[in-house]
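A.B. asks: Per this note's numbering, residue 2 is the first one in the sequence shown, and the count goes up by one each step.
Here a beta-carbon is modelled for each residue, glycine too, at the ideal position from N, C-alpha and C.
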Amino acid sequence: MTRVLVVDDDPTLVRALVVNLRARHFEVETASDGGTALRRAASHPPDLVILDLGLPDLDGLEVVAGLRGWTDVPIIVLSARDTQWAKVDALDAGADDYVTKPFGMDELLARMRASLRRAMPTPSAPVVTTDAFTVDLAARRVVRDGAPVRLTPTEWHLLEVLVRSPGKLVTHAELLRDVWGPAYVAQSNYLRVYLAQLRRKLELDPARPTHLITEPGLGYRFEP
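(1) What first and last residue would you give for the beta strand (DSSP E) that runs through Gly220?
(2) So Gly61 packs on Leu68, CB below 8 Å; how close in whole Å?
(3) Going by CA-CA distance only, name the one from Ala184, Ala133, Arg119 and Asp137 that's closest to Glu204.
(4) Counting pairs of beta carbons, one from the region 86-104 and one from the region 146-153, are three or more of them closer than 8 Å?
(5) Which complete alpha helix (DSSP H) runs does the region 118-160 hold, if anything under 4 residues is left out?
(6) What's the C-alpha gap between Ala111 and Leu177?
(7) Alpha carbon to alpha carbon, how far is Leu18 from Glu30? Give it in angstroms, no decimals.
(8) Assign Pro124 to one of two classes, buried (16 or more other C-beta atoms within 10 Å of its C-beta) or exposed (fewer than that).
(9) Would you check if the region 210-220 and the region 167-176 touch, i.e. whether three or more CB-CB distances between them fall below 8 Å?
(10) Kindly provide the ranges of any alpha helix (DSSP H) runs that are 4 or more residues long and lie completely inside the region 51-122, ordered along the chain.
(11) Between Leu79 and Asp9, is the Cβ-Cβ spacing less than 8 Å?
(12) Given Pro210, which residues of its chain have a CB within under 7 Å of its CB, disregarding the five upstream and five downstream residues?
(13) Compute the distance between the beta-carbons of Val74 and Ala96, then report whether it is under 8 Å.
(14) Do Arg82 and Pro47 have their beta-carbon atoms positioned less than 8 Å apart in this structure?
(15) When burial is assigned at 16 or more other CB atoms within 10 Å of the CB, is Gly35 buried or exposed?
(16) Judging by CA-CA distance, which residue of Arg193, Leu192 and Ala174 is the nearest neighbour of Lys88?
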């Protein structure tokens, strides 16, 4: 049974989540503050965490950081903070997804399923194939229409980071840090330039990409 830790100080919302999740055969544990959440996660590691940001003792981002110090458990932020920057900060801190209150239960369940699928261990797949191109991660090689595609080292590194997280949002900060280094996390213009180059080389229609997807204001996503 999948164990879910719900962290929120709104008892009405927590009761609703517990009823809905248990009805769908999730094992549910709750915490009304950040300190309790971290202790319970350490003593009984959950398979997924649903986390509010506005907690009475800690900011939710501190809870995310505390969890990310030792676990890769999927974290879905469930918050009334609806600004773009609140979402960016949570994703950069290590959250896997962000749902704004008020929310629909069906949407939350779908996001939970997606996060749990991504967290499942999968066999190593060094070759990723799309309808437009093939990426061989082991050989560091890309092929399109039967011919190798010439990529610069930076283009390859950027593509590799995205391809290794299929279907998952990779934030601007994560990409800049991984490809260029910590000193470049504010240089989002680099990403626009290099993603445009990759799309011209790889997408069937660079103006309407189907594999290298922009998440406006947040980052990019690779869809196989």
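C.D. replies: Quick look at the numbers:
(1) The sequence position of residue 220 within the sequence shown is 219, counting from 1. Per DSSP, Gly220 belongs to the beta strand (DSSP E) from Gly220 to Phe223.
(2) Indexing the sequence shown from 1 puts residue 61 at position 60. Indexing the sequence shown from 1 puts residue 68 at position 67. With a Cβ gap of about 11 Å, Gly61 and Leu68 do not count as contacting.
(3) Within the sequence shown, residue 204 is the residue found at index 203, counting from 1. Ranking the options by Cα distance to Glu204, first place goes to Ala133.
(4) no
(5) none
(6) Position 110 of the sequence shown, counted from the start, is the residue given in the question as residue 111. Position 176 of the sequence shown, counted from the start, is the residue given in the question as residue 177. Their backbone Cα atoms lie some 29 Å apart in a straight line.
(7) The residue given as residue 30 occupies position 29 in the sequence shown. The residue given as residue 18 occupies position 17 in the sequence shown. Approximately 11 Å between the Cα atoms of the pair.
(8) Within the sequence shown, numbered from 1, the residue matching residue 124 stands at position 123. Any reading at Pro124 must be qualified, since the residue scores a pLDDT of 46, below 50, and its modelled position is unreliable; no value is offered.
(9) yes
(10) 61-69, 85-94 and 106-120
(11) Position 78 of the sequence shown holds residue 79. Position 8 of the sequence shown holds residue 9. In contact: Leu79 and Asp9 (Cβ atoms closer than 8 Å).
(12) On the sequence shown, residue 210 is found 209 positions in, with the first residue counted as 1. Excluding residues within five positions, the ones whose Cβ falls inside 7 Å are Arg200 and Glu204.
(13) Stepping through the sequence shown from its first residue, residue 74 is reached at position 73. Stepping through the sequence shown from its first residue, residue 96 is reached at position 95. No; because the gap between Cβ atoms is not below 8 Å, this pair is not in contact.
(14) In the sequence shown, residue 47 corresponds to position 46, counting from 1. In the sequence shown, residue 82 corresponds to position 81, counting from 1. No. Outside cutoff.
(15) Residue 35 sits at position 34 when you count from the first residue of the sequence shown. Answer is buried; the Cβ neighbour count reaches 16.
(16) Start at 1 with the first residue of the sequence shown, and residue 88 comes out as number 87. The option with the nearest alpha carbon to Lys88 is Ala174.
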